[in-house]
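Heads up, the thing below is written out as C-alpha cells.
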Amino acid sequence: MKSRVIDVLKENGYEVGDRDDLYPNGDERIHDADEIVLRRSRPLQISMDGHDTKQVWTTASTVDEALAQLAMTDTAPAAASRGSRVPLAGMALPVVTAKTVQINDGGAMRTVHLAAPNVAGLLDAAGVPLQQSDKVMPSASTPVTDGMQIEVTRIRMEKVTERVPLPPAAHRVEDPEMNVSRQVVEDPGSPGTQDVTFAVAKVNGVETGRLPVANTVITPARDAVLRVGTKPGTDVPPVPEATVWDVIARCEAGGNWSINTGNGYYGGVQFDQGTWERSGGLRYAPRADLATREEQIAVAQTVLERQGWGAWPVCSGRAGAR
Numbered sequence: 001m002k003s004r005v006i007d008v009l010k011e012n013g014y015e016v017g018d019r020d021d022l023y024p025n026g027d028e029r030i031h032d033a034d035e036i037v038l039r040r041s042r043p044l045q046i047s048m049d050g051h052d053t054k055q056v057w058t059t060a061s062t063v064d065e066a067l068a069q070l071a072m073t074d075t076a077p078a079a080a081s082r083g084s085r086v087p088l089a090g091m092a093l094p095v096v097t098a099k100t101v102q103i104n105d106g107g108a109m110r111t112v113h114l115a116a117p118n119v120a121g122l123l124d125a126a127g128v129p130l131q132q133s134d135k136v137m138p139s140a141s142t143p144v145t146d147g148m149q150i151e152v153t154r155i156r157m158e159k160v161t162e163r164v165p166l167p168p169a170a171h172r173v174e175d176p177e178m179n180v181s182r183q184v185v186e187d188p189g190s191p192g193t194q195d196v197t198f199a200v201a202k203v204n205g206v207e208t209g210r211l212p213v214a215n216t217v218i219t220p221a222r223d224a225v226l227r228v229g230t231k232p233g234t235d236v237p238p239v240p241e242a243t244v245w246d247v248i249a250r251c252e253a254g255g256n257w258s259i260n261t262g263n264g265y266y267g268g269v270q271f272d273q274g275t276w277e278r279s280g281g282l283r284y285a286p287r288a289d290l291a292t293r294e295e296q297i298a299v300a301q302t303v304l305e306r307q308g309w310g311a312w313p314v315c316s317g318r319a320g321a322r
C-alpha cells in the first residue's frame, strides 16, 4: 500500500495540478481512514463593471466562495447568482462594484453603499426587498449606477376584521289605499352586529380603499316593516333629485313642499285649490300641501303644459326657466 498522499491519488487516477489545493500535503504519509481533500482549480474570466477582463484561478466551487477567495466581497455577480456552481472548465464572471445610492422607501430616506447588478438586487442587499405589488422607479431590472436615486412605493393588501352594525332588512307591506309615491315606516326594526372582514389597500402605510370580503353575524337584526302605497292611478313619473321645480319651490315656499300658511296657496309651488283640482291633483291628495313632492311636480307638469311658465311668472324667471 502506498504511504504518501500523492501516491494514493496517482494510484487512483488523479492528477494534481499546480493550482489545485490538496490536503493533507502530497508528501505527507497516509494512514487507514484518513481523508484526502482535492480542490480542483478552475479559471474565471472576471470583468469589473464591464471593463478590464482578466483571467484568475480559483478552487472555489461556488461564485460566492470564489469572490471571498479572491478578496472581492465588496462586489456582486452581474449575471450569475452567488450560489451558482463554478464548473471545472471555468466560466465568465462579470461583477459590479459597490455604488452609493439614495433610497426613498415609502417616504423613509436612506443612503447605502452596496454592490448589486440591478435595482431589485440592491434593495435585496439593503434588506428592503420588493414584495407583493410594490412599485419602484427606476424599474427593478435597471442597472445600478453611482448616485442613483431609487423611489419605492410600498403597496399592500391586508385583511382586517371589524365589528360593525348589521342594518335591519326592510319587510315591505303593500297598501292599496295609499298613493304609489308614498311609504310609511311602521316599524324601524333594530340593528344587529356583525364581524366584517375587509380587504384593505394601503400605499406606503396609508389606507387608500377597502372592500368587504366576508362577514359573520354576531347578533341578528330585527327586520323593519315598511308600508308602501300601491293605490291604482296614483303613479308619478320619476323625478330627479334636483330640478327646476326645486328652484321654483325655494322661491315660492322656501323649499317647503308641505307648506300651508292659510293664504289660499298650498305646497311647494303654491297651487290654489281650483288649479289643484282642475289639474288632476285630487287623485293624489285633497290639497297640494298633503301631496308628496313627486305628486306635486306631476300636477305642476300638467299646469305647465296648459299655461306655460306664466303660472309662476316671477319664480320661473329667477329659475332661468324662461
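The sequence shown begins at 1 in the UniProt record's numbering and counts up by one. By construction, the Cβ of each residue, glycine as well, lies at the ideal position given by its N, Cα and C atoms. The structure displayed is predicted, hence computed values, not measured ones.
Proximity of residue i and residue j at Cβ, strictly below 9 Å
i    : j    : result
G233 : M178 : no
V112 : L130 : no
P176 : Q194 : no
I46  : V5   : no
V247 : A319 : yes
V101 : M148 : yes
V95  : M157 : no
L114 : K99  : yes
L88  : A66  : no
W309 : E252 : no
V160 : R210 : yes
G274 : V299 : no
A249 : G264 : no
V213 : T197 : yes
M91  : R42  : yes
The beta strand (DSSP E) enclosing residue i, as first and last residue numbers
i    : result
P212 : 206-219
I30  : Unbroken run through I30: none, as it is neither H nor E.
D52  : 51-58
R151 : According to the sequence provided, residue 151 is Glu. The question's Arg does not apply to it. Per DSSP, E151 belongs to the beta strand (DSSP E) from 149-153.
G229 : 224-229
A76  : 75-77
A170 : 170-175
V86  : Per DSSP, V86 belongs to no beta strand (DSSP E) and is neither H nor E.
V136 : 135-137
Residue(s) in a DSSP beta bridge with residue i
i    : result
Q194 : V164, V217
I6   : Beta-bridge pairing links I6 to no other residue.
S47  : P94
D272 : Y265
I103 : R110, I150
V184 : R227
Y23  : V37
M157 : A201
R42  : T58
Buried versus exposed, by CB contacts within 10 Å (16 or more), residue i
i    : result
Q270 : buried
R293 : buried
P77  : buried
V184 : exposed
G50  : exposed
S133 : exposed
T261 : exposed
D52  : exposed
T58  : buried
V206 : exposed
R19  : exposed
L44  : buried
D289 : buried
L282 : exposed
Extent of the continuous alpha helix (DSSP H) run through residue i
i           : result
residue 374 : Any answer about residue 374 is impossible in this case: the structure gives the chain only from 1 up to 322.
E305        : 293-307
D124        : 119-125
S316        : 313-318
L67         : 63-69
D246        : 244-253
Beta-carbon contacts of residue i that lie in its chain and below 6 Å, excluding the five residues immediately before and after
i    : result
E295 : S181, V236, Y284
A137 : Before going further, note that residue 137 is Met rather than Ala in the sequence given. Contacts found: E151.
V169 : The question names Val, but residue 169 in the sequence shown is Ala. So the qualifying residues of the chain are D223.
R172 : L226, V228
G192 : L166, T219, P220, A221
R287 : Y266
I297 : V239, W245
Same chain, Cβ closer than 8 Å to residue i, neighbours up to 5 away in sequence not counted
i    : result
T62  : R82, G83, S84, R85, V86
T208 : A201, K202
I36  : V5, V8, L9, L22, Y23, P24, I30
N204 : G106, G107, T153, R154
D34  : P24
G26  : R4, V5, I6, L9, V16
I188 : Reading off the sequence, residue 188 comes out as Pro, not Ile. So the qualifying residues of the chain are P168, A224.
Beta-carbon proximity list for residue i, same chain, < 7 Å, skipping 5 on both sides
i    : result
S190 : P168, A221, R222
R278 : none
A140 : N118, V119, A120, L130
T302 : S279, G280
Short CB-CB distance (under 9 Å) between residue i and chain C
i    : result
G121 : The structure shown contains no chain C, having only a single protein chain.
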